Every structure is written in structure tokens, then in C-alpha cells.
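A.B. asks:
Structure follows, in C-alpha cells:
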């Protein structure tokens with residue numbers, strides 16, 4: 001009988017990465033590691049569990065484990081792991097005895113009465129989760145300026161010497177009162193939104209970029225509702241979206257984001273440095289292959305966090321500027337403007353794309369992320385600030401009841417809002433017990449009706465009106481953009497029609513009444529079916545585009 005091959009977790013991770021890289025075929029990869037193809041299929045199906053396996057950094061040594069032994073008390077261990085990470089984020093030292101006592105506490109609350117928190121159980125718990133009891137540096141007390149400077153001079157300089165500027169990233173969360181307009185600003189100004197208060201009105205947005213500003217990572221959004229009604233009938237939402245009752249960043253969301261990012265950088269064969277603050281949600285995540293995570297000193301984000309040195313401010317300024325523009329257009333149409341979560345996500349992505357690389361690189365330098373050739377500069381954007389105040393003045397002119405406030409007041413309404421969880425033992429237990437329940441009230445989700453999506457015909461009509469408007473103003477740039485949008489509508493028409501038949505090569509001819517195309521008479525040799533790979537397929541696709549353009553023009 002052939003001996004069964006048992007691969008270590010680390011080998012399985014290498015296999016998965018090679019499959020993703022697509023350099024070798026699956027058959028070649030199976031032969032390389034001496035495993036049958038059905039074993040490779042089993043590894044592929046267990047991808048999430050394999051990448052979720054922790055790398056032991058303690059006395060257990062590196063991750064040479066070959067099996068995933070499930071705990072007899074999974075709920076208790078999940079609660080204990082959340083608690084341990086919370087203590088670690090606060091720089092509170094934890095030893096084995098303290099961990100066993102906390103395990104007994106959670107066992108009493110989660111009805112795990114048969115738990116025996118012995119030394120043997122402790123070793124298995126540590127091994128399963130890759131934990132080690134190391135000394136913590138510093139305390140959770142406030143860090144003064146001299147301590148921050150010491151961190152920059154000693155720790156940061158060493159880190160920057162080991163990584164290229166393009167591979168140094170910073171990430172931070174910010175709250176966004178996405179639907180708050182100027183008339184409601186004073187009621188929200190200065191609030192921290194503690195305990196999830198006003199969660200319906202806000203999103204938490206995770207923003208990350210590298211030191212040069214050349215790579216802005218996709219935004220991540222966290223709201224109150226798991227399935228907002230505005231997502232209904234949407235084929236694909238534009239960014240990662242999570243939900244909980246307080247619209248906060250949590251340890252689970254952060255870990256999922258970090259592991260996905262690690263997989264991305266691993267596929268790109270990059271080694272990157274990620275700097276984050278030490279809030280409770282930013283727990284220690286083990287088993288990362290491409291990302292090295294370093295934490296800012298406690299309570300030092302105001303001076304050391306690059307995102308707080310103008311990047312988040314620039315993002316919000318651009319978001320709220322466009323929001324004001326839409327409000328003014330709504331007043332012009334005598335139709336109040338309202339924005340939902342989906343609209344806020346699209347607007348946020350557009351605002352993030354518009355943040356200048358220079359703004360990001362200056363913010364990093366201002367926070368002390370300086371190579372020897374760099375020079376620290378202040379961030380100025382006076383021109384755009386003036387434009388913002390003009391918008392606010394125009395809004396007050398159209399709405400005399402609007403309270404006296406500046407654009408800066410409107411901009412900073414959500415600058416002091418808590419974005420990450422502040423969990424107690426009770427919160428941990430509740431989250432474990434209720435983790436499979438809905439995260440929001442379905443009745444509240446139906447608070448706003450969903451605006452029906454315009455049809456293709458309506459979209460073509462709107463574009464036709466826009467074209468007439470900009471043709472009169474001789475704005476060539478806008479006309480070019482309209483042409484691009486018209487092209488998108490044509491593609492949508494083609495896709496809609498080709499779904500008539502599951503074989504797109506066959507359906508093109510059914511889409512086209514060829515004898516109706518201008519300048520072409522139907523011929524006897526016109527094929528009724530175009531087999532796959534036929535050279536006439538490209539010609540048929542060209543006819544399809546021409547036909548759809550004609551159809552769109554006839555709609556108007």
C-alpha cells in the first residue's frame with residue numbers, strides 16, 4: 001500500500017500560492033509535491049482554513065502542524081482569543097495563569113462547565129492560535145512628545161532603512177457622517193458617537209496608502225446594516241462592505257482585511273511594512289507572509305499617524321465638496337438631494353481617487369517618515385479651501401434658514417468620532433453568542449425607499465440631453481466623457497441581448513436583423529449559426545456594435 005503523504009501547513013500555503021501564480025499547471029504542482037490531484041483539490045477547498053492557521057512563534061516552533069484539531073470548546077476559545085488580543089493591544093502583560101483564570105470566567109458564562117484549564121490545555125490553546133507570552137514594551141499611559149520623537153529617531157529610522165518608500169504603508173479608520181448636510185451640522189458637532197450612537201448616519205471607512213502616494217489601497221466600509229435596501233438589485237457593490245450594530249471597526253473585520261491584503265502582496269511577491277495605531281481592533285495577526293505590521297506608540301497618533309496629517313482631511317474635503325454641489329443642484333431642480341450608503345460609497349471612492357499623491361507623500365514626511373534625501377513640508381491647499389467657502393456661501397444664499405457656519409465646521413463635524421470597538425468581557429460574550437444573528441433591524445433597513453434604477457432607454461435620453469447642453473457650451477472634455485458613457489450603454493445593450501442564449505456565439509445573429517443594417521442587403525450566404533472560433537465572429541461583433549448605436553440613437 002502506498003504511504004499517505006501528510007503535508008505541513010506551511011507547505012500547503014506554498015502550494016496555494018503557486019496555484020494562484022499560475023506559473024505551473026495544477027498537474028505539474030501536484031507532481032512537484034508528490035501528491036495526487038484529488039489531494040490538491042482538497043487543499044484548494046480548504047484554502048480559508050489553511051491561510052487562517054496561525055504560525056507558532058513560541059516554544060512550539062514554526063508551523064509544522066499537519067492537522068486542524070478542532071477545540072472541544074470553540075466558543076470559549078474564540079472569546080478568550082478576542083480578550084487576549086485586546087489585552088495585548090493595551091500593552092497589558094498576560095501569563096499562563098491569568099489566561100487560565102479568564103478561561104474559567106468565560107466557561108461559566110458560556111456553559112462550558114466541563115472545561116479543565118490545565119497546563120496541557122493551555123499549551124494546545126497556544127499552539128492552535130500561535131500565541132506566545134512575550135514581554136510588552138511600554139505602558140498604556142499617554143506618550144509625550146519626547147517619547148514620540150524617540151520612537152521616530154530609533155524605531156522608525158531603522159524600519160525605513162529596511163523598506164523602499166513604495167512598500168511603506170499606513171492605514172487608519174475615520175468616521176463619515178455620509179448623509180449629514182449643513183443644516184444638521186451643529187447638532188452633531190463635537191460628538192464622539194460613543195456606543196454606536198447615530199450609527200445609522202455614519203460609515204466607518206478604512207483608508208490606506210503607501211509613503212509615496214503612488215498606491216492608494218481600495219477603501220473598506222463598515223455600516224450598521226448588513227443588507228441595506230440600496231444594495232437591492234445591485235450586481236456588484238463597489239468596495240468591501242461589512243456591518244455591525246455600531247458601524248465600528250472590529251478585530252475580526254481588521255484581520256479579514258489584513259489577510260486579504262497579505263494574499264494580494266504575496267501574489268505580487270512583495271514585502272511591505274504596514275504602520276497602524278494600537279487601538280483594540282488592530283489586534284496581532286499571525287501567519288502573514290508579505291506584510292510586517294508595526295504599531296505606533298500608545299496615544300501618539302496625533303503626531304505620528306500619517307493619515308492624521310492631512311490625508312483623511314483631504315479625502316473628506318473632496319467628499320463633502322461634491323456633496324454640497326449635489327445639494328445645490330437639488331435646490332436648482334427644486335428636489336431635495338438625498339444620499340444612501342451605496343451613493344456614499346461611490347462618492348467616497350471618487351474622492352479618494354482625487355486625493356493627490358503629493359498630499360499623501362507630504363503627510364508622511366510631516367509625520368516623520370523621512371528618508372535622508374527628504375525635506376519636511378507643510379501641507380497647503382488654499383485654492384481649494386476658497387472654492388469650498390464659495391459653495392457654502394451659495395448654499396446660504398439659496399437657503400436663508402441655514403445656520404451660520406463655515407465649510408470647516410461642516411468638514412470637521414465627524415472628526416472626533418470613535419471608529420473602533422471598545423469591548424468589555426460582556427461584549428465579547430455577547431458577540432460570541434449572537435455571532436450568527438442578523439446585525440441590524442430589518443424594519444429599520446426599510447426606512448428609505450429604493451429609487452428605481454433608470455432603464456437603458458432613460459439613460460440614453462439623459463445622455464442625449466447632456467450632449468446638447470455641452471455642445472452649446474463647446475466643452476470638448478465633457479463631450480469626450482459623454483462619448484465614453486454612451487459606449488458603456490452600448491456595451492450594456494449588447495450584454496443584455498446576448499443573454500438571450502447561453503451560447504453568445506450563436507446569439508449574435510439572433511440579435512442582428514442583418515437586412516436592416518444601413519448600406520447592406522441580406523445575402524443568401526448569410527450564416528444562420530456562427531460556430532465557435534469562426535473567423536466571421538469578429539465581423540458579427542462589429543455589426544452588433546453598429547446596430548446598438550443605431551438603436552440607442554433611435555431611443556431619443
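In full-length UniProt numbering, the protein residues as written are 1 to 556. For glycine and all other residues, C-beta sits at the position ideal for the given N, C-alpha and C. Here the structure is a predicted model, which is why all the values come from computation and not from measurement.
Could you tell me the alpha carbon to alpha carbon distance between residue 55 and residue 287, rounded to whole angstroms?
C.D. replies: At residue 55, the pLDDT of 44 sits below 50, so the modelled position is not reliable and the matter cannot be decided from this model.
A.B. asks: Please classify residue 310: is it buried, with 16 or more other beta-carbons within 10 angstroms of its beta-carbon, or exposed?
C.D. replies: Buried, because 16 or more other Cβ atoms sit within 10 Å of the Cβ of residue 310.
A.B. asks: On the DSSP letters alone, give me the boundaries of the alpha helix (DSSP H) that residue 240 sits inside.
C.D. replies: No alpha helix (DSSP H) contains residue 240, which is instead part of the beta strand (DSSP E) from 240-243.
A.B. asks: Nearest-angstrom Cα distance between residue 365 and residue 156?
C.D. replies: One C-alpha to the other measures close to 12 Å.
A.B. asks: Within a Cβ cutoff of 6 Å, which residues of the same chain sit near residue 12, ignoring the five residues on either side of it in sequence?
C.D. replies: Cβ within range, chain order: 43 and 50.
A.B. asks: Whether or not the region 335-355 and the region 303-319 are in contact is what I'm after, with contact meaning three or more pairs of Cβ atoms, one per stretch, closer than 8 Å; do they touch?
C.D. replies: Result yes; three or more Cβ-Cβ pairs closer than 8 Å.
A.B. asks: Can you tell me where the beta strand (DSSP E) holding residue 225 begins and where it ends?
C.D. replies: It is not in any beta strand (DSSP E) - residue 225 carries neither H nor E in the DSSP assignment.
A.B. asks: Rounded to whole angstroms, what's the CA-CA distance from residue 119 to residue 73? Just pull it up for me.
C.D. replies: Whole-angstrom Cα-Cα distance: 16 Å.
A.B. asks: Which residues in the same chain have their Cβ closer than 6 Å to the Cβ of residue 20, if we skip the five residues on either side of it in sequence?
C.D. replies: Excluding positions up to five away in sequence, the list reads 267.
A.B. asks: Using a Cβ-Cβ cutoff of less than 8 Å, which residues in the same chain neighbour residue 346 once the five nearest sequence positions on both sides are dropped?
C.D. replies: Within the same chain, residue 346 has close Cβ partners 238.
A.B. asks: Taking just the CA atoms, how far does residue 75 sit from residue 396?
C.D. replies: So the two alpha carbons sit approximately 55 Å from each other.
A.B. asks: Compare the Cα-Cα distances from residue 415 to each of 154, 150, 173 and 166 and report the closest residue.
C.D. replies: The residue with the shortest Cα to Cα distance from residue 415 is 173.
A.B. asks: Considering only the alpha carbon of each residue, which of 468, 329, 368 and 417 lies closest to residue 394?
C.D. replies: Ranking 468, 329, 368 and 417 by Cα distance to residue 394 puts 329 first.
A.B. asks: Where residue 292 and residue 96 are concerned, what is the direct C-alpha to C-alpha distance, given to the nearest angstrom?
C.D. replies: Spanning the two alpha carbons is a distance of roughly 26 Å.
A.B. asks: Please state whether DSSP places residue 457 in a helix, a strand or coil.
C.D. replies: In this structure, residue 457 counts as helix in the three-state DSSP scheme.
A.B. asks: Determine, using beta-carbon pairs with one atom in the region 96-112 and one in the region 147-161, whether at least three such pairs fall under 8 Å.
C.D. replies: With a cut-off of 8 Å, the region 147-161 and the region 96-112 do not count as touching, because too few Cβ pairs lie within range.
A.B. asks: What do you get for residue 167, buried or exposed, if any count of 16 or more other CB atoms within 10 angstroms of its CB means buried?
C.D. replies: So residue 167 ends up on the buried side.
A.B. asks: So is residue 305 buried or exposed if we call it buried at 16+ other beta carbons inside 10 Å?
C.D. replies: The residue is buried, with at least 16 neighbouring Cβ atoms inside 10 Å.
A.B. asks: Can you grab the Cα-Cα spacing for the pair residue 344 / residue 178, in whole Å?
C.D. replies: Going from the Cα of residue 344 to the Cα of residue 178 covers about 6 Å.
A.B. asks: Residue range of the beta strand (DSSP E) that residue 408 falls in?
C.D. replies: No beta strand (DSSP E) holds residue 408; the alpha helix (DSSP H) holding it covers 407-411.
A.B. asks: Apart from the five residues on each side of it in sequence, which residues of its chain come closer than 7 Å, Cβ to Cβ, to residue 29?
C.D. replies: So the qualifying residues of the chain are 15, 18, 19 and 40.
A.B. asks: Count the other CB atoms within 10 Å of the CB of residue 139; is the residue buried (16 or more) or exposed (fewer)?
C.D. replies: Confidence at residue 139 is low in this model, with a pLDDT of 37, below 50, so its placement is unreliable and the value that follows should be read with caution. The residue is exposed, with fewer than 16 neighbouring Cβ atoms inside 10 Å.
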